[in-house]
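A.B. asks:
Protein chains in written order, with my numbering: chain A, 871 to 1118; chain B, 871 to 1118; chain C, 871 to 1118; chain D, 871 to 1118; chain E, 871 to 1118; chain F, 871 to 1118.
1) Could you check whether residue 991(C) and residue 889(C) sit closer than 9 angstroms to each other, using their CB atoms as the reference points?
2) List the residues of chain C that residue 900(D) touches, going by C-beta distances under 7 angstroms, in chain order.
3) Quick one: Cα of residue 995(C) to Cα of residue 1103(A), how far?
4) In chain order, which continuous runs of the beta strand (DSSP E) of length 3 or greater are located wholly inside the segment 984-1041 of chain F?
5) Suppose contacts are defined by Cβ-Cβ distances below 9 angstroms. Is residue 1007(F) in contact with residue 877(E) by that definition?
6) From what residue to what residue does the alpha helix (DSSP H) around residue 1093(E) run?
7) Using 10 angstroms around the beta-carbon of residue 909(B), count the other beta-carbons present and answer buried if the total reaches 16, otherwise exposed.
8) Count Cβ pairs between the segment 1087-1101 of chain E and the segment 1000-1015 of chain E that sit closer than 8 angstroms; are there 3 or more?
9) Buried or exposed, going by whether 16 or more other CB atoms sit within 10 Å of the CB of residue 1116(C)?
10) With distances taken Cα to Cα, identify the nearest neighbour of residue 1068(C) among 1050(C), 1003(C), 968(C) and 1037(C).
11) Would you kindly check if the distance between the Cβ of residue 875(C) and the Cβ of residue 907(D) is under 9 angstroms?
12) Using the three-state DSSP reduction, which class does residue 971(A) fall into: helix, strand or coil?
13) Spatial neighbours of residue 918(E) within its chain, please: C-beta separation below 6 angstroms, excluding the five flanking residues on both sides.
14) Which bits of chain F does residue 885(E) rub up against, with CB to CB less than 7 angstroms?
15) Quick one: which chain B residues come within Cβ less than 7 angstroms of residue 988(C)?
16) For residue 881(F) and chain E, any beta-carbon pair shorter than 9 angstroms?
17) Which of the residues in the segment 913-943 of chain E, read from start to end, lie with their CB under 8 angstroms from any CB of chain D?
18) For residue 1074(E), count neighbouring Cβ atoms within 10 angstroms of its own Cβ and tell me buried if that reaches 16, exposed if not.
19) Can you give me, in chain order, the residues of the segment 1048-1066 of chain E that have a beta carbon less than 8 angstroms from any beta carbon in chain D?
20) For the alpha helix (DSSP H) that residue 922(A) lies in, which residues bound it at each end?
21) For residue 908(F), return the contacting residues in chain E, with the cut-off set at a CB-CB distance below 9 angstroms.
22) In chain order, what residues of the segment 1104-1117 of chain B put their CB closer than 7 angstroms to some CB of chain C?
23) To which residues of the same chain is residue 1065(E) closer than 6 angstroms at the C-beta, ignoring the five residues directly before and after it?
24) At 7 angstroms on the CB atoms, spell out the chain F contacts of residue 949(E), in chain order.
25) With a CB to CB cut of under 7 angstroms and the five nearest residues on each side skipped, what residues in its chain are close to residue 1098(F)?
26) On the DSSP bridge assignment, give the partners of residue 874(B) in chain order.
27) Could you pull the DSSP bridge partners for residue 978(B) from this structure?
28) Check for me: the alpha helix (DSSP H) holding residue 951(E) runs from which residue to which?
29) Have a look at residue 885(B) and residue 948(A) and give me their C-alpha separation to the nearest angstrom.
30) Taking C-beta pairs closer than 7 angstroms, name the residues in chain B that residue 969(A) reaches, listed in chain order.
31) At 8 angstroms on the CB atoms, spell out the chain F contacts of residue 1071(A), in chain order.
32) Give the secondary structure of residue 1067(C) by DSSP, where H, G and I count as helix, E and B as strand, and everything else as coil.
33) Look up residue 933(D) in the DSSP assignment and say whether it is helix, strand or coil.
34) In angstroms with no decimal places, state the Cα-to-Cα distance between residue 982(C) and residue 986(B).
35) Could one say the Cβ of residue 952(E) lies closer than 9 angstroms to chain D's Cβ atoms, at least one of them?
36) Check this for me: beta carbons of residue 939(D) and residue 957(C), under 9 angstroms apart or not?
Below, the structure is given as structure tokens:
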């Protein structure tokens, strides 16, 4: 059930049965010479909708732009500051908690969002307590990173070995190829790229990773792989969502 | 050309030819008993993509959640505070301006966004000057409200007369029906609803507009109308974008 | 009744009869070679006091400095950032709403304030709801731009035709001449100046409007005109205030 | 020379001779049963203009509303939060420093502003250094509290002895009577009121000082006294301003 | 009783007997060629613990970094912006007030903190009222500057005369020598240094006070003096704390 | 080399040889019935100083209060909001980076700080780029959680097995016993406590973990263990610091 394709009376009806909502969050950032700038949002959105269908959960509109400051030396990247993203998350949850939602399941497509999301959750719990919103003490937020699912890791290992890398990975590129087969990009890629450097500022990042990839070989991706990743991620996260929903 | 379906080298190539970008901005808010919560984002996104195709312009990911605090007494509405939205817009433009974009054309689907967007533009121009970003003095932002296009007004008048109203209007509902025919909602609507009250806080809004509509009869909407609205809006805003792009 | 010339017991007495207050807001910004930097505040204050006398309304101290970032390339301009002005308005209304005021009528002398004021109202309604201040749901804010009164437009058209322009206009200059006849400035003005450009950043503004005027000929202004503008604005806004006060 | 009655070319001319500006800052707060709510702004403004005339200095529009949170349990008080006032001061000085002003002399009418003003100055010096504004290292801000002038203290002691008190004092009330003789208020005052308590929150303040006075007997004030206070304050602060202006 | 060496049940027990807490606040800033960068924090912490022992008061962890922006042109200085420090103080007091503390006694080692602390207190009182925390109206904050104690002034005058100066003073250096005899530094000092200049921005400060001292001769300090200062400060502030604690 | 026991000329000398600095960060929060409220700060500070001695690195004053909002339902806990802590970190690093430091090694004693610290680093890198501080692109921040050292894990496993738990652990309690043997607390502990629940808001936390422990048995701690943990952590983090310092 997609929030943006629902009416408010439908939301009220839903709330009588469930207080859970899935919020896809991605990023708008460079993904190497062939990866789509929207990769993280595309993956998070597609998988969230799959999970929503499987579990009958409400799915909120995708947060397309996240925390990607370290990618901003590449054209096309858009990032919120962490302090901005914290306010965004606080505003989202405050609105939805007032309406009665208490279980917020963020399906996340971008590693760079994790820290800020966690900080935002802490900020928000305290804010809801300040406001003394009904049931504030029941509000729970959880991050589910699809790319860190056990089943996804395993599949990526099988398919790509150590060419999976950690940014502009063949696994995430494969999911975008599955979702948008019409937008598969090809470009000559140097066979090996650096990997394993820590991430600091944007200028430093680009100097270490000149084409944007981090140790990955996205040439290995296929739409068929993408469907496989999608399937295992949806299955694993559907279980994860239901456990989260039903835990006290 | 959709930013989220592009790669960063494609964006660099684009920037050599054009410094313009279209940013769709909508809202996630109640639209009466039959209007979709995502109406404003759906319309802004669809029309932006149409304009992007017509003009070869880059189209950024849609800002799905805007300033809809006055709708927050209805379940399902998500709103940013104006102060948050200002930061979001500032972060977006700062990233893109650093990359070389100078012409920001916001195709907007929600009247409630207008004031905050304008405030955000002022805040951002000063911020870019503070940072002394290259070409900061060339950065220009413009709001284009599709629902305020002359051609849209005219068509709505012809089709709906004074049943167009001002929120959850048949024209915007029609566009969503055209875009998502599978999500057409039906519910019994009282024949007449109040209209014309000013907008203040959320509780006050709901007491004046109990089912969320403002003087509108969305029952009149059809997907065919939606296509008509889409077509005239795309045509008019394509001209608007090109004028904006080419003005000094 | 002027707030700054009242005592707190007088305010308490007033509140037993009325919960309305007029807040003049202007700007401190360049107004061309002959216009006073305080023009917008002077006009808003004078007209507010006229309306206050006519309607027995409380008039708050004038907000002299508003949102004029686009004028800051001219010496003498002082501007708040939109984000600052939002906080200022929120602080004002919160204090006054706690005391029992619920109807806030901002008589505004500067177009550049409008967007930020509207954003501030939205921010404030939500803030008051957060605080659960008594009667928060009754708080209403309205902007009344004296220069956009029908009667003012009409008079300006009659007196100045298309030489009224849109900044440093003869109408506003005339009001300042009426209020401060001792401060009438003369300087050679080029007969025609540019007009009609959109407003972006401060450096861009000054390059388009080198002497600060926007399509106006303030040489046409006289103190007698000023009195006429004052009279029609006070009359129209007095009606506007009373309607606002008595509306539910 | 009053900024609001000047034109921008006049300001440019002024800046060639002097980089100093006087900024009056007051407050809008209860001043006991007979003191005007605008007392602090009225005094600061009148004395600033006197100093401006004596020294040929530019005088900015008065900041009417300051930091008076501890008075907000009395109707009619308007206060900025310290964090808001810091932003306001930062915005003011940043605009004026960009134009070339470097010496900011705040003539202050309210003890409650002092701490926040000093904090704001520190915040602003660092901000100007961040922006690398020309001559940022020459920017100097100073607070001149008219009510703490030696000559004012001496006169108050002579005229009122220990009935001067520390809020709603006869000296400040006298100045307002001199400036606005038409607004002299009378009300029965209890002969003695508490004084000497420290100031904490607003509710606490009102419980300690039920009629708003702090150890003062404003009944002793006369317009003639007001003129005397005005004269000595203008004389002393004119010297103070010139010393400040000419110090390196 | 040191908070950081207590358990939460011990704090609960303490709160049944007393609602007072001492919060040492210092600074991390240059103190001339021989003064320790931690001087202000060291002094505040040592004296706070002495007062805590004398009065059986709870002592919070030391706020080591305060408002020292004007010292930031010297390496090793760390400063919060005033706006940051206000938030820090607000967060501290809000947590502790929720737990039941109502009397906050800040023993301060740095003049530059005073203004921001006072601003923070005002901000916090209003915040606690906004939150309607239990007993919010009883919360009281007080600054006790050990270096401004009458007994400290007197002793410094006796020992150092006008070589005490106003920054990197022998008195504060002596206290650090008493606390950390192993960290006594020696360096050749010019016999006389400038003093008496007002404090503005960081670059200006360093140009006026090239070695960081303000009119002081810290060579006069001895650990024995330090003990004397410590003793008189602890005695005077212990009385001060108890008066504060017992005042209504 | 401890920053607070150094002079500014010593810092300048140090900077000619090294641009690295260790910043201990802990928390002030409940640690169960017998754990010290300052546990996390005590451990971080002690281990940081050990690492500083081993590596000749500069050690900054300890950040005693971190992000512990989820512990605030227990008396004595003090927490910053994540948004506040981000500003604090930004201010620290900005000051130190201006002085020439580029390598910031945060030795952290509290899991709850990690997310906010990472968010703060991202915010800060972008801020330094905005300011165009010299060498901004070389600034690197790293978190080193002593309790997550491999050697610490191993030792805790050996000594405590699954009674280590995840909050108020015997390992951290042991370190505080080693550092402050005079502050060893004893209280009857229930033999088993809950563990493994996720962390949400403060009220929820206390309902799940009524005495504050999370699956731990701190009764097992001894000062001798503490020395062992201290030794292995210092050894491992000293290597970690040097690697960080020398990496490009």
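Glycine is no exception: its CB is placed at the ideal position from the N, C-alpha and C atoms.
Remember, it's a predicted structure, so these values are computed and weren't measured experimentally.
C.D. replies: Per the coordinate set shown:
1) Indexing the third chain from 1 puts residue 889(C) at position 19. Indexing the third chain from 1 puts residue 991(C) at position 121. No.
2) As a first step, residue 900(D) is located in the fourth chain; it is residue number 30 there, counting from the start. Simply 878.
3) As a working mapping, residue 995(C) is identified with position 125 in the third chain. As a working mapping, residue 1103(A) is identified with position 233 in the first chain. So the alpha carbons of these two residues sit roughly 42 angstroms apart.
4) 1010-1015
5) Counting from one through the sixth chain, the residue named residue 1007(F) turns up at place 137. Counting from one through the fifth chain, the residue named residue 877(E) turns up at place 7. Against a cut-off of 9 angstroms, the Cβ pair of residue 877(E) and residue 1007(F) comes out as no contact.
6) The count along the fifth chain starts at 1 and reaches residue 1093(E) at position 223. That run of the alpha helix (DSSP H) goes 1093-1116.
7) Within the second chain, residue 909(B) is the residue found at index 39, counting from 1. The residue is buried, with at least 16 neighbouring Cβ atoms inside 10 Å.
8) no
9) Within the third chain, the letter at position 246 stands for residue 1116(C). Exposed is the call here.
10) For the purposes of this step, residue 1068(C) is identified with residue 198 of the third chain, where counting begins at 1. Ranking the options by Cα distance to residue 1068(C), first place goes to 1037(C).
11) As a working note, residue 907(D) is residue 37 in the fourth chain. As a working note, residue 875(C) is residue 5 in the third chain. For residue 907(D) and residue 875(C), yes; Cβs fall inside 9 angstroms.
12) Within the first chain, the letter at position 101 stands for residue 971(A). Residue 971(A) falls in the coil class under three-state DSSP.
13) Numbered from 1 along the fifth chain, position 48 holds the residue referred to as residue 918(E). Correct list, in chain order: 892, 894, 929 and 977.
14) Indexing the fifth chain from 1 puts residue 885(E) at position 15. Ordered by position in chain F, the residues that pass the 7 angstroms Cβ test against residue 885(E) are 945.
15) The sequence position of residue 988(C) within the third chain is 118, counting from 1. Those are 985, listed as they occur along chain B.
16) Stepping through the sixth chain from its first residue, residue 881(F) is reached at position 11. It does: the Cβ of residue 881(F) has a partner Cβ on chain E nearer than 9 angstroms.
17) 937, 939, 940 and 942
18) By 1-based counting over the fifth chain, the position of residue 1074(E) is 204. Flag for residue 1074(E) reads buried.
19) none
20) For the purposes of this step, residue 922(A) is taken as the residue at position 52 of the first chain. Segment 909-925, the alpha helix (DSSP H) holding residue 922(A).
21) Position 38 of the sixth chain, counted from the start, is the residue given in the question as residue 908(F). Within 9 angstroms Cβ-Cβ: 872, 873, 874, 875, 876 and 931.
22) none
23) Your numbering for residue 1065(E) matches position 195 in the fifth chain. Answer for residue 1065(E): 1035, 1084 and 1085, listed in chain order.
24) Within the fifth chain, numbered from 1, the residue matching residue 949(E) stands at position 79. Going along chain F in sequence order, the residues near residue 949(E) (Cβ under 7 angstroms) are 961 and 965.
25) Position 228 of the sixth chain, counting from 1, holds the residue named residue 1098(F). Excluding positions up to five away in sequence, the list reads 1025.
26) The count along the second chain starts at 1 and reaches residue 874(B) at position 4. Answer by DSSP bridge pairing: none, since residue 874(B) is not bridged.
27) Taking the first residue of the second chain as position 1, residue 978(B) is located at position 108. Beta-bridge pairing links residue 978(B) to 895(B) and 1015(B).
28) Start at 1 with the first residue of the fifth chain, and residue 951(E) comes out as number 81. Counting along the chain, residue 951(E) falls outside any alpha helix (DSSP H), and DSSP gives it neither H nor E.
29) Start at 1 with the first residue of the second chain, and residue 885(B) comes out as number 15. Start at 1 with the first residue of the first chain, and residue 948(A) comes out as number 78. Their Cα atoms are separated by approximately 15 angstroms.
30) For the purposes of this step, residue 969(A) is taken as the residue at position 99 of the first chain. Those within 7 angstroms of residue 969(A) in chain B are 945 and 946.
31) Numbered from its first residue, the first chain carries residue 1071(A) at position 201. Neighbours of residue 1071(A) on chain F, chain order: 995, 996, 998, 999, 1006, 1007 and 1009.
32) Numbered from its first residue, the third chain carries residue 1067(C) at position 197. The answer is coil: DSSP assigns residue 1067(C) none of H, G, I, E or B.
33) Start at 1 with the first residue of the fourth chain, and residue 933(D) comes out as number 63. Residue state, collapsed to three classes: strand.
34) By 1-based counting over the third chain, the position of residue 982(C) is 112. By 1-based counting over the second chain, the position of residue 986(B) is 116. C-alpha separation (whole angstroms): 13 angstroms.
35) Here residue 952(E) refers to the residue found at position 82 when the fifth chain is read from its first residue. Chain D contact via Cβ: present.
36) Reading the fourth chain from its first residue, position 69 is the one you call residue 939(D). Reading the third chain from its first residue, position 87 is the one you call residue 957(C). Taking 9 angstroms as the Cβ cut-off, residue 939(D) and residue 957(C) do not qualify as a contacting pair.
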